[in-house]
Amino acid sequence: MLVTINGKQFEAEAGQTILQVARKHGIYIPSLCYHEKVGAAGKCRVCVVEVEGMRGLQTSCSVVVREGMTVSTRTEKAIQAQKLVVDLLLSSGTHDCLACAQNGKCELQDAAYYLDIEHPTLVFADMEPHCDESSEFIKVDHNKCISCGRCVAACQKTVTNDVLDFGYRGANTEIVFDDGKKMGDSTCVQCGECVQICPVGALTEKSVKGKARYWETERVKSVCPYCGVGCSMEIHVDRKLNKIVRVNGVESSPVNEGMLCVKGRFGYDFVDHPERLTTPLIRNDDGSFRKASWDEALDLVSTRLTEIKTKHGPDKIMGMSSAKVTNEENYTFQKFMRTVIGTNNVDHCARL
Amino acid sequence: MKAKQLKIALRNCGVTDPENIQDYIACEGYLALGSCLIAGNRQAVVDTIKQSGLRGRGGGGFLTGQKWEFASQSEADKKYVVCNADEGDPGAFMDRALLEGDPHSVLEAMAICGYAIGADQGLIYIRAESLLAIKRLKVAIAQAEEAGLIGKNILNSGFDFKIGLKYGAGAFVCGEETALIKSMEGNRGEPVSKPPYPTECGYLGKPTNVNNVETFANVPAIINKGAEWFASIGTEKSKGTKVFALAGKVKKVGLVEVPMGTTLRELIYDIGDGILNDKVFQAVQIGGPSGGCLTVKNLDMPIDYESLIAAGSMMGSGGMIVMDEDDCMVAVAKFYLDFTMEESCGKCAPCREGNKALYNILNKITHGKGTMADIDRLKELSVVIKSTSLCGLGQTSPNPVLSTIDNFYDEYVQHVVDKKCRAKRCRALIEYSVVEENCIGCGACKRACPADAISGAPQKVHLIDQKKCVKCDACLQKCRFNAIVVK
Ligand SMILES: Cc1cc2nc3c(=O)[nH]c(=O)nc-3n(C[C@H](O)[C@H](O)[C@H](O)COP(=O)(O)O)c2cc1C
Ligand code: SF4
Ligand code: SF4
Ligand code: SF4
Numbered sequence: 000m001l002v003t004i005n006g007k008q009f010e011a012e013a014g015q016t017i018l019q020v021a022r023k024h025g026i027y028i029p030s031l032c033y034h035e036k037v038g039a040a041g042k043c044r045v046c047v048v049e050v051e052g053m054r055g056l057q058t059s060c061s062v063v064v065r066e067g068m069t070v071s072t073r074t075e076k077a078i079q080a081q082k083l084v085v086d087l088l089l090s091s092g093t094h095d096c097l098a099c100a101q102n103g104k105c106e107l108q109d110a111a112y113y114l115d116i117e118h119p120t121l122v123f124a125d126m127e128p129h130c131d132e133s134s135e136f137i138k139v140d141h142n143k144c145i146s147c148g149r150c151v152a153a154c155q156k157t158v159t160n161d162v163l164d165f166g167y168r169g170a171n172t173e174i175v176f177d178d179g180k181k182m183g184d185s186t187c188v189q190c191g192e193c194v195q196i197c198p199v200g201a202l203t204e205k206s207v208k209g210k211a212r213y214w215e216t217e218r219v220k221s222v223c224p225y226c227g228v229g230c231s232m233e234i235h236v237d238r239k240l241n242k243i244v245r246v247n248g249v250e251s252s253p254v255n256e257g258m259l260c261v262k263g264r265f266g267y268d269f270v271d272h273p274e275r276l277t278t279p280l281i282r283n284d285d286g287s288f289r290k291a292s293w294d295e296a297l298d299l300v301s302t303r304l305t306e307i308k309t310k311h312g313p314d315k316i317m318g319m320s321s322a323k324v325t326n327e328e329n330y331t332f333q334k335f336m337r338t339v340i341g342t343n344n345v346d347h348c349a350r351l
Numbered sequence: 000m001k002a003k004q005l006k007i008a009l010r011n012c013g014v015t016d017p018e019n020i021q022d023y024i025a026c027e028g029y030l031a032l033g034s035c036l037i038a039g040n041r042q043a044v045v046d047t048i049k050q051s052g053l054r055g056r057g058g059g060g061f062l063t064g065q066k067w068e069f070a071s072q073s074e075a076d077k078k079y080v081v082c083n084a085d086e087g088d089p090g091a092f093m094d095r096a097l098l099e100g101d102p103h104s105v106l107e108a109m110a111i112c113g114y115a116i117g118a119d120q121g122l123i124y125i126r127a128e129s130l131l132a133i134k135r136l137k138v139a140i141a142q143a144e145e146a147g148l149i150g151k152n153i154l155n156s157g158f159d160f161k162i163g164l165k166y167g168a169g170a171f172v173c174g175e176e177t178a179l180i181k182s183m184e185g186n187r188g189e190p191v192s193k194p195p196y197p198t199e200c201g202y203l204g205k206p207t208n209v210n211n212v213e214t215f216a217n218v219p220a221i222i223n224k225g226a227e228w229f230a231s232i233g234t235e236k237s238k239g240t241k242v243f244a245l246a247g248k249v250k251k252v253g254l255v256e257v258p259m260g261t262t263l264r265e266l267i268y269d270i271g272d273g274i275l276n277d278k279v280f281q282a283v284q285i286g287g288p289s290g291g292c293l294t295v296k297n298l299d300m301p302i303d304y305e306s307l308i309a310a311g312s313m314m315g316s317g318g319m320i321v322m323d324e325d326d327c328m329v330a331v332a333k334f335y336l337d338f339t340m341e342e343s344c345g346k347c348a349p350c351r352e353g354n355k356a357l358y359n360i361l362n363k364i365t366h367g368k369g370t371m372a373d374i375d376r377l378k379e380l381s382v383v384i385k386s387t388s389l390c391g392l393g394q395t396s397p398n399p400v401l402s403t404i405d406n407f408y409d410e411y412v413q414h415v416v417d418k419k420c421r422a423k424r425c426r427a428l429i430e431y432s433v434v435e436e437n438c439i440g441c442g443a444c445k446r447a448c449p450a451d452a453i454s455g456a457p458q459k460v461h462l463i464d465q466k467k468c469v470k471c472d473a474c475l476q477k478c479r480f481n482a483i484v485v486k
């Protein structure tokens, strides 16, 4: 069907909302609570637009398009409302962008910039710092939270951990863990789904503080090294220091749809750990190790395996493979054991 | 001729013993349900309510018959009838009084509604703190069940209808029907966007017809006396009567029931017997915190849904607070905003943060720190909160601000420019001082002052130190010589 937005016609599919159509065609409507993964919440009220034939402002995240619908996203009334609601959200929190880990990738900042808000104009009482750093990996800064509800929906519906919810009411509303515990004392498993979906800097990885910001990192697509699920991940690397700054799940991956577990998201310190093995080691006669080249090590393994096989038969050899390598590598490994060595003695650590 | 009350919803209150079903039956009780069941025509019941023109008394004024029609047309294996007895407006108690005084008329109406829409379960959502109403409802339900007027196979018609109670914890927003349903389901009492409407997808995802207590109380009378009779009362678009909780500065306060179209003047001066101490009428807040302040120019306006909205107020549930010349209208707006700010559920941004911002500005003005720009800001914010909020609470909460600015602009300007409060209600803007001619130096004020702000030797004129004065009014109350004044 055809829909007109700001005077231009666009193709739209039945069931799509105005916001979805606009986004698809690159028209920016400021919005903070909608995320395609958790759907429309109708909470932030920033995405209001005017629709011909409908009374008053409409939230574009909830109105489904109809054939011939005419939408204006930038009327005076719509802009005034968008601007004031964003102003309210900025004014009622502590948004010190200069020190914020989310600087440059913040949807509130984007909306404010687009709406030409130079500084928050409404006066709320000074806020006491209100952070929760009790958990292992995640920092919660309540004063930056805009109560968009994305984390709550993600925790309840996407990863179904049911830890996060809203507590209290009115302007005192805030996200709570279990029945109001500190994050670190709650049943939170630190999967970090909430961090990834938070549009602002209210939920951030503790470790990113003071590190390279979004625009300073290079994104490397990879597969999680931990288990056989093979979650797609995007590794944010500070090339100047050649260090990993953060790991995100890839939203478009059919394997994990953006989700990661605590190990995949936060357990990357092994990468440049000083004790990490970087060359093969061969055991000396006295039990100690010496560094060796791959050629030397592989030669040794092949010689010893052939010796054992000829002397004792292939079934005296057993192969054990790892969940930390890919499915393809595991497949090759069992093939090697069966066809080259000639045994069915092959197992995998994920069964232990 | 003085205007009089006309009791339809309250017809049995104070007349029958609410804990005795025989009393109710003696007053045509359960006759309406019986006749509906005997006639055996569901659509006819819906049609009668439609023709009567009855509109929801819970605030919105939606046509009750139309709602029943939608609910009856929704296809489902289970439907519910819900009675909204949350009643959270400050000062309003018509629903509670009705349930305490005549619980059976509501039960009967719920059963009639259940029959009309095809529901076999009724639920009454009531605040847990309404102890007497709950007790009377329980007694009434038990008696009606025993009499076979509620429960299985009512009057041998094959129609089953049970009624249960659900308790609310006292949040204003839980009176909003979608929040009420969430709360009944055991969730956080937050409204959800409509559509879908409850008549399509309500309690536990099933079609649910939500009506207010007073709306229901009218139903048996309409069935018994006919739609035409009911439609002959009231104005063109607002039929029947409305119960108001008349309060504030009138001589006679309490619940009153008058035909729609009665004027404010008749209500305040005939039924309420005029302003307390014969002071000057200043304004009347109608519709609770979501309503607006009306003034002298609205006194002769016939009260109905449309005219109230046109005047910048609303029917709401029927709270009516009368104010006289001693009330500061900025402080009144602040009082209501304090309420809505606390009662906002916090789900959506404009209501959650916007009402607090409104309150902060009003607070600034009443403390003498406001500017003209603040008044414009109040207006701008109000308009945006109304147009962007998710539910009726936020969509109406700025009404007291807008209507007081519209009707009492001078008073705002006075606070902001002259730093004065005409009604002498805003403490930061008043000054206590001693009238030299009247002061005999008795020292009573000095002894009463908790802030040690008054000095003066015995038999000499006393003096109030403005820097120390906390404006507690103690000196003024103690002085027997009219020597202390407020300016
Ligand atoms: C903030 C808010 C509070 C409300 N409180 C009540 C209430 O206490 N009682 C009530 O009957 N309706 C209340 N309503 C209206 C209900 O949402 C609903 O429209 C009504 O119960 C429907 O019944 P009616 O058609 O018989 O009026 C409230 C609405 C809003 C927006
Ligand atoms: S959350 Fe966004 S707006 Fe707030 S401080 Fe961080 S970058 Fe700035
Ligand atoms: S923490 Fe982030 S995602 Fe969660 S409600 Fe606050 S702003 Fe939204
Ligand atoms: S308007 Fe207010 S009460 Fe209604 S959903 Fe929004 S925050 Fe909650």
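If you read the sequences in order, they're chains G and A. Going by numbering that gives the first Met the number 0, the letters in the first sequence line up with residues 0 to 351, in that order. Going by numbering that gives the first Met the number 0, the letters in the second sequence line up with residues 0 to 486, in that order. We treat Cβ as the ideally placed atom computed from N, Cα and C, and that holds for glycine.
Inter-residue CB distance, A/ARG56 and A/PRO102 (contact presumed, cutoff 8 Å): One-based indexing of the second sequence puts residue 56 of chain A at position 57. One-based indexing of the second sequence puts residue 102 of chain A at position 103. With 8 Å as the limit, A/ARG56 and A/PRO102 do not qualify as a contact, their Cβ atoms being about 17 Å apart.
beta-carbon A/GLU524 near ligand 1 non-hydrogen atom, thresh 7 Å: Shown here, chain A extends from 0 to 486; a query on residue 524 of chain A therefore has no answer.
For A/HIS366 and A/CYS82, the rounded distance between their alpha carbons: Residue 82 of chain A sits at position 83 when you count from the first residue of the second sequence. Residue 366 of chain A sits at position 367 when you count from the first residue of the second sequence. If you take the alpha carbons of A/CYS82 and A/HIS366, they lie about 43 Å apart.
C-alpha distance - A/ASN11 paired with A/GLY28, whole-angstrom precision: Counting from one through the second sequence, the residue named residue 11 of chain A turns up at place 12. Counting from one through the second sequence, the residue named residue 28 of chain A turns up at place 29. Spanning the two alpha carbons is a distance of roughly 10 Å.
is_contact[G/THR74, chain A] using C-beta, thresh 8 Å: Position 75 of the first sequence, counting from 1, holds the residue named residue 74 of chain G. G/THR74 does not count as touching chain A.
heavy atom of ligand 1 below 7 Å from A/SER34 C-beta: The residue you call residue 34 of chain A lines up with position 35 of the second sequence. It does not: the Cβ of A/SER34 is nowhere closer than 7 Å to a heavy atom of ligand 1.
For G/LEU121, the first and last residue of its enclosing alpha helix (DSSP H): Working through the first sequence from its first residue, we reach residue 121 of chain G at position 122. Where G/LEU121 is concerned, there is no enclosing alpha helix (DSSP H), given that its DSSP letter is neither H nor E.
Neighbour-count burial assignment, G/HIS311, 16 or more Cβ in a 10 Å radius: Along the first sequence, one-based indexing puts residue 311 of chain G at 312. Exposed, by the Cβ-count rule.
Nearest-angstrom Cα separation, counted from A/LYS181 out to A/ARG126: Looking up residue 126 of chain A in the second sequence gives position 127. Looking up residue 181 of chain A in the second sequence gives position 182. Approximately 15 Å between the Cα atoms of the pair.
Sub-8 Å separation of A/PRO17 and A/GLU99 beta-carbons: Locating residue 17 of chain A in the second sequence gives position 18, counting from the first residue. Locating residue 99 of chain A in the second sequence gives position 100, counting from the first residue. The answer is yes: Cβ separation under 8 Å.
Contact under 8 Å by Cβ, A/VAL415 with A/ASP472: What you label residue 415 of chain A is simply residue 416 of the second sequence in a count that begins at 1. What you label residue 472 of chain A is simply residue 473 of the second sequence in a count that begins at 1. In this structure, A/ASP472 does not lie closer than 8 Å to A/VAL415 by Cβ.
Cα-Cα separation, A/ALA108 to A/ASN406: Locating residue 108 of chain A in the second sequence gives position 109, where the first residue counts as 1. Locating residue 406 of chain A in the second sequence gives position 407, where the first residue counts as 1. Looking at the two C-alpha atoms, the distance is approximately 41 Å.
Contact test: A/VAL191 Cβ vs ligand 2 heavy atom, cutoff 7 Å: Position 192 of the second sequence, counting from 1, holds the residue named residue 191 of chain A. Checking every heavy atom of ligand 2 against the Cβ of A/VAL191, none is found closer than 7 Å.
Whether G/VAL70 touches G/THR58 by CB criterion (8 Å): Here residue 70 of chain G refers to the residue found at position 71 when the first sequence is read from its first residue. Here residue 58 of chain G refers to the residue found at position 59 when the first sequence is read from its first residue. No, the pair does not count as a contact, with Cβ atoms beyond the cut-off.
Short Cβ contact (8 Å threshold) for G/LEU107 with G/LEU87: Translated into the one-based positions of the first sequence, residue 107 of chain G becomes position 108. Translated into the one-based positions of the first sequence, residue 87 of chain G becomes position 88. No. Outside cutoff.
Selection of the segment 327-342 of chain G by Cβ proximity to chain A, strictly under 7 Å: none
Contacts that G/LEU421 makes with chain A (C-beta to C-beta distance below 7 Å): Past the boundaries of the shown model lies residue 421 of chain G; chain G is included only from 0 to 351, so the question cannot be answered.
Residues in the segment 175-196 of chain G having any Cβ partner in chain A nearer than 9 Å: none
contact_flag[the segment 202-217 of chain A, the segment 169-189 of chain A] where n(CB pairs < 8 Å) is 3 or more: yes
Selected residue, minimal CA-CA separation from A/ALA443, among A/GLU265, A/ARG424 and A/ILE463: Counted from its first residue, the second sequence places residue 443 of chain A at position 444. Per the Cα distances, A/ILE463.
First through last residue of the alpha helix (DSSP H) which encompasses G/ILE78: What you label residue 78 of chain G is simply residue 79 of the first sequence in a count that begins at 1. Unbroken alpha helix (DSSP H) run through G/ILE78: 75-90.
Strand pairing of A/GLU256, partner residues [DSSP]: Counted from its first residue, the second sequence places residue 256 of chain A at position 257. DSSP, once it has assigned bridges, lists A/VAL242 as partnering A/GLU256.
Straight-line gap, A/ARG95 to A/LYS6 (C-alpha atoms, nearest Å): Within the second sequence, residue 95 of chain A is the residue found at index 96, counting from 1. Within the second sequence, residue 6 of chain A is the residue found at index 7, counting from 1. Roughly 16 Å separates the two Cα atoms.
Environment of A/LEU245 [buried if 16+ CB atoms lie within 10 Å]: For the purposes of this step, residue 245 of chain A is taken as the residue at position 246 of the second sequence. A/LEU245 is buried by the Cβ-count criterion.
Reference A/LYS486, options A/GLY440, A/ALA422, A/LYS466 and A/LYS477, closest by Cα: Taking the second sequence and counting its residues from 1, one reaches residue 486 of chain A at position 487. With distances taken between Cα atoms, A/LYS486 lies closest to A/ALA422.
Three-state secondary structure (DSSP) of G/LEU276: The count along the first sequence starts at 1 and reaches residue 276 of chain G at position 277. The answer is coil: DSSP assigns G/LEU276 none of H, G, I, E or B.
Cβ neighbours of A/LYS250 in the same chain (closer than 7 Å, five flanking residues each side left out): Residue 250 of chain A sits at position 251 when you count from the first residue of the second sequence. Here the set comprises GLY271, ASP272, GLY273 and LEU275.
Cβ of A/LEU336 within 8 Å of any chain G Cβ: The count along the second sequence starts at 1 and reaches residue 336 of chain A at position 337. Judged by the 8 Å Cβ criterion, A/LEU336 is not in contact with chain G.
Neighbour-count burial assignment, A/MET322, 16 or more Cβ in a 10 Å radius: Taking the second sequence and counting its residues from 1, the one referred to as residue 322 of chain A is at position 323. It is buried - the Cβ of A/MET322 has at least 16 other Cβ atoms within 10 Å.
Three or more C-beta pairs below 8 Å linking the segment 202-217 of chain G and the segment 159-172 of chain G: no
Check whether G/VAL261 and G/CYS154 have beta carbons under 8 Å apart: For this step, residue 261 of chain G is matched to residue 262 along the first sequence. For this step, residue 154 of chain G is matched to residue 155 along the first sequence. Against a cut-off of 8 Å, the Cβ pair of G/CYS154 and G/VAL261 comes out as no contact.
is_contact[A/GLU305, chain G] using C-beta, thresh 8 Å: For the purposes of this step, residue 305 of chain A is identified with residue 306 of the second sequence, where counting begins at 1. Not one chain G Cβ lies under 8 Å of A/GLU305.
Positions along the segment 58-87 of chain G whose CB lies within less than 7 Å of some CB in chain A: SER61, GLN79, ALA80, LEU83, VAL84 and LEU87
Contact set for G/LEU97: own chain, Cβ-Cβ below 8 Å, skip 5 residues either direction: Residue mapping note: residue 97 of chain G aligns to position 98 of the first sequence, counting from 1. No residues qualify anywhere along the chain.
Ligand 2 heavy atom lying under 7 Å from the CB of G/GLY200: Locating residue 200 of chain G in the first sequence gives position 201, where the first residue counts as 1. Answer for G/GLY200: yes, Cβ within range of ligand 2.
Chain A contact residues for G/CYS348, given Cβ-Cβ distances below 9 Å: Numbered from 1 along the first sequence, position 349 holds the residue referred to as residue 348 of chain G. Within chain A, no residue comes near G/CYS348; the closest Cβ sits about 43 Å away, beyond 9 Å.
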